[in-house]
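Engineer: First the structure, then my questions, so here it is.
There are 2 protein chains.
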Amino acid sequence: DYQHVQVPFEITLWIMLASLAKIGFHLYNKLPSVVPESCLLIFVGLIMGGIIYGLNDKSPPVMDSDIFFLYLLPPIVLDAGYFMPSRPFFENMGTILLYAVVGTIWNVFGIGFSLYGICQVKAFRLQDVSLLHNLLFGSLIAAVDPVAVLAVFEEIHVNEKLHILVFGESLLNDAVTVVLYKLFRSFCEMPTIKSVDVFAGVGKFFVVGLGGVLVGLTFGMTAAFTTRFTKDIRVIEPLFVFLYSYLSYLTAEMFHLSGIVAIIACAMGMKRYVEANISLKSHTTVKYFMKMWSSVSDTLIFIFLGVSTIGENHEWNWPYICFTVIFCLIWRALGVLVLTFFVNRFHVNTITSKDQFIIAYGGLRGAICFSLVFLLPDFHRKKLFIAATTVVILFTVFVQGMTIRPLVDLLAVKRKRESAPTVGEQIHIRFLDHLLAGIEDISGHWGQYYWKDKLEYFNSKYLQKILLREYDQPKSSIVLLYEKLERKHAIELAEAGQLGHAPSHPSLLRSHFLCSNSDRTVKIDKKLEDALNPDVLENIQEILARNLYRIRRTGPAYNRHTLPGESEPVEHAKEILILRHKSL
Amino acid sequence: DYQHVQVPFEITLWIMLASLAKIGFHLYNKLPSVVPESCLLIFVGLIMGGIIYGLNDKSPPVMDSDIFFLYLLPPIVLDAGYFMPSRPFFENMGTILLYAVVGTIWNVFGIGFSLYGICQVKAFRLQDVSLLHNLLFGSLIAAVDPVAVLAVFEEIHVNEKLHILVFGESLLNDAVTVVLYKLFRSFCEMPTIKSVDVFAGVGKFFVVGLGGVLVGLTFGMTAAFTTRFTKDIRVIEPLFVFLYSYLSYLTAEMFHLSGIVAIIACAMGMKRYVEANISLKSHTTVKYFMKMWSSVSDTLIFIFLGVSTIGENHEWNWPYICFTVIFCLIWRALGVLVLTFFVNRFHVNTITSKDQFIIAYGGLRGAICFSLVFLLPDFHRKKLFIAATTVVILFTVFVQGMTIRPLVDLLAVKRKRESAPTVGEQIHIRFLDHLLAGIEDISGHWGQYYWKDKLEYFNSKYLQKILLREYDQPKSSIVLLYEKLERKHAIELAEAGQLGHAPSHPSLLRSHFLCSNSDRTVKIDKKLEDALNPDVLENIQEILARNLYRIRRTGPAYNRHTLPGESEPVEHAKEILILRHKSL
């Protein structure tokens, strides 16, 4: 009785295939370090497509655009939004928006017009492709794909700013792509185009983008509010994170807003509150499942891309396809150069020419283009567009994706720092933020720090009271960080089997610490005091008190002349003994 | 553009409704302690059904049997199988099988024949319901529902044996129900019934049941084998647990075997190996997600049950419906009494009459009956059967479900022990197991312990080598348990902020321990030594060495004359100081 179980059975088998393919690649350690996983997966897809084609003698099923947009894309974008490093994202917001909006428009019109130019050459036999169709094609081929970018950039570990620039652009250009694609598509079906329609199109940018943000934030806040009440029923907490973000995506899509922007706004908006509300295990589950889901979606997308490539729905035209690839490269490079020129004039921390090259080179195309080209209304050159899109995707994923890592090595592009920032660094960064906010406030300059400070004030004054549980003290981020580290350390200790059951004497140590501390109390300016309220300060003192030994112990390692020898732990133990003796 | 997103949007909204309903109930603490959640959920469903009925003026959609069997039931059964306490389950296997197979057949024929008797009374106007139809109805109404049983028994905390008897029966009777239901259904459509068909039906029991076990174990072993290779790609580990168990269910259903039995066999088979292979976080995710999924499915099923009750697909016939309820109660009670009489003759640990009453009273019917009655082929009395099934379900869930807790209190049925067994108890249980296996071996009695021992031997000799990672030492269950406790303790310490950073001296203590230990070494018999191989012994010694303080500290609490006073930690600290001083 196969028909009865067909749908879930086949879905499960596809997911299984994807997971097994992933395991297979990782068994050979050398392969993933040379070839990006996305290339391997497309390759698997090509083989599978070939097998299906060979067996059935007809084209294998192409990826359904509905399945892609409704089921495969949301998990990846949710994962991207939830784990987005918010600090670099907001710091480079202006640059990212410039690339995403102006850059994408530049690419669309650049590629569209120059392909129209190519179509005028009689020898190529392409005179029947109109300007509007070329622009429509430009609008779908110009968009950098977040899935492809993430798949490649996660493996090459460039510095955080570069990563966020390329990745942020690929996410936010969704709003622009959606508007331009729908605009040109409706223009194609209209008999005449009025100038009113063009202006309406420009207005739509803001509606689609800001509408997406609004929908996302609404659902994000509702999610945070809901998790206030899950104290007695921890087990369904992770569900709300997924349900609300998926609803935000679907709602945005329903009103023709940008679903990608909505889900990112939702994830970034709720993250902070949800994490404070839900239990540690729920949080692990949320993180793990998000990663798992996005990883499977990702794998399925690339396999389907490969499968869909095989078949008879391509019309081959050398000049059009070659020029598409060339124009995609040229216009992106030009766009990045021109835009970066303007960006660098207004920033102290400029984008180097190496970074510019990687930004231009990292403009990978992926499954979004592919789904959009299949969604095109039927017209006689659709198969040509499909062929050109497939070639561009394969070219960017294979050629650019495989060469970008050697290029990054060759150019010695600044890499991501391996270690997480220390607590000391975090405190200093935070202190500087408050200082800069104060300076901006005094000088009357409404800059980034000023707004951040105002937002933080609004957050702690109103939002936290509504969205967080009452009995949960709103903790400082540093205290939270410390608790996280502490927890991690405890688990490590337990796993290594070194958990000592000796009682700690925080109270004794604390009084000792407080005495010595009062002598050298420093005057903390109003702003910092505001941020580090008494509760937080007490927390920090407790933490320091508890870890006084640890700080001392790590001390000697900084000394240039002593090596961390084996005698150290014994000395350290002696020190503790003496201290304890005194306290007893 | 609502149509585009309709399907996922509505699914998400239903799940959201279910989750919010759950939160709502838990906000009022008193409600869940009086009324079981299942009743409340059916009530919510009834209200929703009423609203839909009132607004549209037509019957609300009934629960689709396909959706129920393909998507809602598997998560619940998987959860049940994965968290099944395997020791009591296997210890009471014989009794459970007797209840599930003989008991269900008894109920089916009892209810079927006595309802046929009622149909012969002319005053009731039911002469057109044939014996076969009555038996078919009996086969679907006799099955105790695992979802309903779980929902009620999880809240009343009866002792483990009673729980596993009722719950195990409700799970394993699926095979019998499937066979009888399909048998009678095909008989209804046949012109004449040959005696060959009846014998084929009896043979089918074994095929359906054992086939399910076989399919489940095959997928379970494959799952365990697959997780051997996920070292580099931890993030998709949880996926395999879900994928393989779902595949086992679908495959079993495809071949008309018992899907429930298959998924339980798969879950119980893979659990041990998967848990050893996957990382701790993956394991948390698996557990959490299973619980979450089953909880949501559960909620949806009860809400749908309520919604489906409202409508116009009922035919009301007082005598038939009332007698159905009465016969369901009587035949179950009789069946339990008779079967328990035989069971008690062969067991030392008998089932008390109180327990018998709860077993009979706990035979709740639920969504499986409901789905089966809708799957019936159309005939003129189908609506009567639907009405009778609905009434039986509502009666058992509401009346029996709500009164079972007071009855358990009133009868003073033995409750579940609250605390987990201590490590000492575990060691003793294990020791006794080996002892009994040895006794059975010597006396030539092939009892339960003998087979368990043989299975354990086969497991450690062959299965573990194939299914577990090579670098993972196959650890003793006691060592694993200890590590689990240690980890839990560490997390608790970290969360309470009491993690001491003082170094522990396991090596020093260990040598000390080993010296003192060698004096009183006891002779361990061959069997025990086999089980506690050198690695395990060393592990246990290490553990004891590390926790020597702790054992000492907890010592005084056992003394009848001293209270665990506040002075104790100081004394304890002094003791440690002295010991440490010596060792330095």
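Chains as they are written, first to last, in the working numbering: chain A, 108 to 691; chain B, 108 to 691. By construction, the Cβ of each residue, glycine as well, lies at the ideal position given by its N, Cα and C atoms. Predicted model, so just to flag it, every value in this text is computed and none were measured.
Helix, strand or coil: which one does DSSP assign to G554(A)?
Structural biologist: Three-state result, G554(A): coil.
Engineer: Determine, using beta carbons only, whether D339(B) comes closer than 8 Å to chain A.
Structural biologist: Cβ-Cβ to chain A under 8 Å: yes for D339(B).
Engineer: Assign Y569(A) to one of two classes, buried (16 or more other C-beta atoms within 10 Å of its C-beta) or exposed (fewer than that).
Structural biologist: Exposed, since its Cβ has fewer than 16 Cβ neighbours within 10 Å.
Engineer: What residues in the segment 121-135 of chain B bring their beta carbon closer than 7 Å to a beta carbon of chain A?
Structural biologist: Cβ contacts with chain A: I122, M123, S126, K129, I130, H133 and L134.
Engineer: Please name the residue or residues paired with V151(B) in a DSSP beta bridge.
Structural biologist: Answer by DSSP bridge pairing: none, since V151(B) is not bridged.
Engineer: Report, in whole angstroms, the separation of the C-beta atoms of T202(A) and V368(A), which I expect to be a contact under 8 Å.
Structural biologist: Going by Cβ atoms, the distance from T202(A) to V368(A) rounds to 17 Å, so no, they are not a contact pair.
Engineer: F396(A) versus chain B: which residues are under 8 Å apart at the beta carbon?
Structural biologist: Those within 8 Å of F396(A) in chain B are P345, T392 and F396.
Engineer: Flag this pair as touching only if the segment 347-354 of chain A and the segment 322-330 of chain A have three or more C-beta atom pairs under 8 Å; answer yes or no.
Structural biologist: Taking 8 Å as the limit for Cβ pairs, the verdict is that the segment 322-330 of chain A does touch the segment 347-354 of chain A.
Engineer: Can you grab the Cα-Cα spacing for the pair K388(A) / Y380(A), in whole Å?
Structural biologist: Going from the Cα of K388(A) to the Cα of Y380(A) covers about 16 Å.
Engineer: Opposite R522(A) in the DSSP bridges: which residues?
Structural biologist: DSSP, once it has assigned bridges, lists V265(A) as partnering R522(A).
Engineer: Please check the pair A724(B) and E422(B), which I expect to be a contact at CB under 8 Å, by giving their CB distance rounded to whole angstroms.
Structural biologist: Any property of residue 724(B) remains undetermined from this structure, which presents chain B solely from 108 to 691.
Engineer: Please state whether DSSP places L635(A) in a helix, a strand or coil.
Structural biologist: For L635(A), the pLDDT reaches just 47, beneath the cut-off of 50, and the residue's location in the model is therefore unreliable, leaving the point undetermined.
Engineer: Keeping to the same chain, check which residues put their C-beta closer than 7 Å to that of F132(B); ignore five residues upstream and five downstream.
Structural biologist: Around F132(B): L138, P139, E144 and L147.
Engineer: Mind checking A255(A): buried by the 16 CB within 10 Å criterion, or exposed?
Structural biologist: Buried, by the Cβ-count rule.
Engineer: Please list, in chain order, the residues of the segment 357-382 of chain A that have any C-beta partner in chain B closer than 7 Å.
Structural biologist: From the segment 357-382 of chain A, only L357, E360, M361 and H363 have a Cβ closer than 7 Å to chain B.
Engineer: How about A187(A) and E276(A): do their beta carbons lie closer than 8 Å?
Structural biologist: No, these two residues do not count as a Cβ contact at 8 Å.
Engineer: If we cut at 8 Å on Cβ distances, does Q399(B) have a partner in chain A?
Structural biologist: According to the sequence displayed, residue 399(B) carries Met and not Gln. With 8 Å as the cut-off, M399(B) counts as an interface residue toward chain A.
Engineer: Just reading off the alpha helix (DSSP H) that N384(B) is part of, what are its end residues?
Structural biologist: That run of the alpha helix (DSSP H) goes G366 to N384.
Engineer: With a threshold of 16 other CB atoms inside 10 Å of the CB of I343(A), please say whether the residue is buried or exposed.
Structural biologist: Looking at its Cβ environment, which holds 16 or more other Cβ atoms inside 10 Å, I343(A) is buried.
Engineer: Answer with buried or exposed for R667(B), where buried requires no fewer than 16 other C-beta atoms within 10 angstroms of its C-beta.
Structural biologist: At R667(B), the pLDDT of 40 sits below 50, so the modelled position is not reliable; the number obtained from the coordinates is stated separately. The residue is exposed, with fewer than 16 neighbouring Cβ atoms inside 10 Å.
Engineer: With burial defined as no fewer than 16 other Cβ atoms inside 10 Å of the residue's Cβ, what is the status of A383(B): buried or exposed?
Structural biologist: Burial call: buried.
Engineer: My output table needs one value for K338(A): the three-state DSSP class, helix, strand or coil.
Structural biologist: If DSSP states are grouped into helix, strand and coil, K338(A) belongs with coil.
Engineer: Do R335(B) and R576(B) count as a contact pair if the criterion is CB distance below 8 Å?
Structural biologist: Closer than 8 Å, so yes.
Engineer: Taking all protein chains shown into account, decide if P345(A) is buried (16 or more other Cβ within 10 angstroms of its Cβ) or exposed.
Structural biologist: P345(A) should be labelled buried.
Engineer: Note down, in chain order, each residue of its chain lying with its Cβ closer than 7 Å to the Cβ of P181(B), except the 5 sequence neighbours on either side.
Structural biologist: Cβ neighbours of P181(B) beyond the five flanking positions: Y353, Y356 and I370.
Engineer: Here's the rule: buried if 16 or more other CB atoms are within 10 angstroms of the residue's CB, otherwise exposed. What is F70(A)?
Structural biologist: This structure cannot speak to residue 70(A), because chain A is shown only from 108 to 691.
Engineer: For chain B, find out if any of its Cβ atoms is closer than 8 Å to the Cβ of T98(A); answer yes or no.
Structural biologist: Any answer about residue 98(A) is impossible in this case: the structure gives chain A only from 108 up to 691.
Engineer: Return helix, strand or coil for N241(B), following the three-state DSSP convention.
Structural biologist: The answer is helix: DSSP assigns N241(B) an H, G or I state.
Engineer: May I have the straight-line CA-CA distance separating V480(A) from T431(A), to the nearest angstrom?
Structural biologist: Approximately 14 Å between the Cα atoms of the pair.
Engineer: Quick one: any contact between the segment 285-302 of chain B and the segment 232-241 of chain B, if contact means 3 or more CB pairs under 8 Å?
Structural biologist: Enough Cβ pairs lie closer than 8 Å, so yes.
Engineer: Closest to Y189(B) by CA distance: which of K490(B), Q113(B), V393(B) and V112(B) is it?
Structural biologist: When only C-alpha atoms are compared, the closest one is V393(B).
Engineer: Does chain A have any CB closer than 8 Å to the CB of K388(B)?
Structural biologist: Yes, K388(B) lies at the interface with chain A (some Cβ there is under 8 Å from its Cβ).
Engineer: Kindly list, in the order they appear in chain B, the residues whose Cβ is closer than 7 Å to that of S402(A).
Structural biologist: Here the neighbours are V342 and I343.
Engineer: DSSP three-state label for Y135(A), please.
Structural biologist: Note: Y135(A) maps to coil in three-state DSSP.
Engineer: Please go through the same chain and pick out, in chain order, the residues whose beta-carbon is closer than 7 Å to the beta-carbon of P482(B), but skip the five residues on each side of it.
Structural biologist: It is Leu, not Pro, that sits at residue 482(B) in the sequence shown. Within the same chain, L482(B) has close Cβ partners S172.
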